[in-house]
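K.L.:
This is the structure I want to talk about, given as structure tokens.
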Ligand code: HEM
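Here's what the structure looks like:
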């Protein structure tokens, strides 16, 4: 009994939930993260994958990877805004889901679209700027996913945190990849450029909120009544667990 209590306390000190505990927030995170997969499966079942299903699936999975990456990037700013540290436990899951959707995005590109024609894939990867940038982001995501396990945390010690700051660069690279991939022009705001601009602005704000000076200013606002009142009204709808 004593050992049990000790192990639960130990888990909590490491910012983790005891294994197999019922936690609505954790369930919510998995549900939100898996939703795009079920949505895509439903669209395939309902034959809604348009006349160019490969391209549709490739783009859908790319956007899903980006959305999950943005959610992972939003965790720290959310803690800064609210002081709600428990959400920090779910950052890794969101990051791994981003990697999962990227892996499916890449498989659709390399295997389904190009039949694993290594020469052609290599030609595209080295010639098309948006694929070069995407590949760099993908490689960094792979490195972050591999080193997200406790083994690497222990092995790398303080360096681990710095290494995982690479995720900011991944955010910027993926936005560049997105801007370049869509048809249209950012300079004339023509074509399908609105979504990349919105996503880019979100990533920009999330990165801005990490700058120590801005972070301190936001934390100082937490003491102000008007701020907490508005924020709590906004967050009333979140499943705080
Ligand atoms: C090896 C790395 C990668 C390759 C080869 C690759 C390939 C592609 C290709 C070919 C497209 C254009 C699809 C089309 O319009 O026909 C695309 C678009 C896209 N990719 Fe990637 N990608 C890579 C990495 C990534 C990563 C790491 C992310 C996000 C985490 C990502 C997110 C996106 C997004 C959001 C789009 C635009 C989807 C749209 O048009 O709505 N890609 N990618």
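Residue numbers (the numbering used here): 4 to 244. Yeah, the Cβ is synthetic: ideal placement off N, Cα and C, and Gly gets one too. Keep in mind that this is a model prediction, so the values were computed, not measured.
1. Please report how far the alpha carbon of residue 175 lies from the alpha carbon of residue 30, in whole angstroms.
2. Among the candidates 45, 85, 74, 39, whose CA atom is the shortest distance from the CA of residue 230?
3. Under three-state DSSP, which class holds residue 65?
4. Does the beta-carbon distance from residue 213 to residue 79 come in below 8 Å?
5. Please write down, chain order preserved, every residue whose beta carbon lies under 6 Å from a heavy atom of the ligand HEM.
6. Just to check my reading of the structure: residue 77 and residue 209 have Cβ atoms closer than 8 Å, yes? What is that Cβ distance to the nearest angstrom?
7. Thinking C-beta only, is residue 166 closer than 8 Å to residue 150?
8. Mind checking which residues open and close the alpha helix (DSSP H) that includes residue 157?
9. Nearest to residue 222 by CA position, among 83, 49, 48, is which residue?
10. Just confirm the distance between the C-beta atoms of residue 57 and residue 111, as a whole number of angstroms; I'd bet it's less than 8 Å.
11. Tell me whether the beta-carbon of residue 94 lies closer than 8 Å to the beta-carbon of residue 75.
12. For the ligand MG, any of its heavy atoms closer than 7 Å to the Cβ of residue 111?
13. Ordered along the chain, which non-local residues of its own chain (more than five positions away) have a Cβ less than 8 Å from that of residue 179?
14. To the nearest angstrom, how far is it from the Cα of residue 50 to the Cα of residue 38?
15. Specify whether the stretch 53 to 68 and the stretch 104 to 118 touch according to this definition: at least 3 beta carbon pairs, one from each stretch, less than 8 Å apart.
16. Thinking C-alpha only, which one of 52, 71, 55 is nearest residue 35?
17. How many Å lie between residue 7 and residue 24 at the Cα?
18. So what's residue 193 in DSSP terms, helix, strand or just coil?
19. Could you tell me how far apart the beta carbons of residue 203 and residue 194 are, in whole angstroms, since I believe they sit closer than 8 Å?
20. Among residues of its own chain, excluding the 5 on either side of residue 140, which ones have a beta-carbon nearer than 7 Å to its beta-carbon?
P.N.:
This is what the structure gives:
1. If you number the chain shown from 1, residue 175 lands on position 172. If you number the chain shown from 1, residue 30 lands on position 27. Approximately 29 Å, taken between the alpha carbons.
2. Along the chain shown, read from residue 1 onward, the residue named residue 230 stands at position 227. The candidate whose alpha carbon is nearest that of residue 230 is 85.
3. In the chain shown, counting from the first residue as 1, residue 65 sits at position 62. Looking at residue 65 - three-state DSSP - the assignment turns out to be helix.
4. The residue you call residue 213 lines up with position 210 of the chain shown. The residue you call residue 79 lines up with position 76 of the chain shown. Against a cut-off of 8 Å, the Cβ pair of residue 79 and residue 213 comes out as a contact.
5. Around the ligand HEM, the residues selected by a Cβ distance under 6 Å to any of its heavy atoms are 58, 61, 62, 65, 66, 68, 69, 72, 101, 105, 108, 109, 112, 134, 137, 138, 140, 141, 144, 177, 180, 181, 184, 185, following chain order.
6. What you label residue 77 is simply residue 74 of the chain shown in a count that begins at 1. What you label residue 209 is simply residue 206 of the chain shown in a count that begins at 1. Beta-carbon to beta-carbon, residue 77 and residue 209 are separated by about 6 Å, close enough to satisfy the 8 Å threshold.
7. Counting from one through the chain shown, the residue named residue 150 turns up at place 147. Counting from one through the chain shown, the residue named residue 166 turns up at place 163. Yes.
8. Position 154 of the chain shown holds residue 157. Taken as a continuous stretch (DSSP letters only), the alpha helix (DSSP H) holding residue 157 covers 153 to 159.
9. In the chain shown, residue 222 corresponds to position 219, counting from 1. When each option's Cα is compared against that of residue 222, the closest is 83.
10. For the purposes of this step, residue 57 is taken as the residue at position 54 of the chain shown. For the purposes of this step, residue 111 is taken as the residue at position 108 of the chain shown. The pair is a contact, with the Cβ atoms about 7 Å apart (cut-off 8 Å).
11. The count along the chain shown starts at 1 and reaches residue 94 at position 91. The count along the chain shown starts at 1 and reaches residue 75 at position 72. For residue 94 and residue 75, yes; Cβs fall inside 8 Å.
12. In terms of ligand content, the structure shown lacks the ligand MG and carries the ligand HEM instead.
13. For the purposes of this step, residue 179 is taken as residue 176 along the chain shown, with counting starting at 1. Cβ neighbours of residue 179 beyond the five flanking positions: 133, 136.
14. The residue given as residue 50 occupies position 47 in the chain shown. The residue given as residue 38 occupies position 35 in the chain shown. Approximately 18 Å, taken between the alpha carbons.
15. yes
16. One-based indexing of the chain shown puts residue 35 at position 32. When each option's Cα is compared against that of residue 35, the closest is 71.
17. As a position in the chain shown, residue 7 is number 4, starting the count at 1. As a position in the chain shown, residue 24 is number 21, starting the count at 1. A caution first: residue 7 carries a pLDDT of 47, below 50, which makes its placement in the model unreliable, though a value can still be read off. Computed Cα separation, rounded: 14 Å.
18. Locating residue 193 in the chain shown gives position 190, counting from the first residue. In this structure, DSSP gives residue 193 an extended state, which the three-state scheme calls strand.
19. Here residue 203 refers to the residue found at position 200 of the chain shown. Here residue 194 refers to the residue found at position 191 of the chain shown. About 15 Å; that fails the 8 Å criterion.
20. Along the chain shown, read from residue 1 onward, the residue named residue 140 stands at position 137. In its chain, beyond the 5 residues on either side, 173, 176, 177, 180 have a beta carbon closer than 7 Å to the beta carbon of residue 140.
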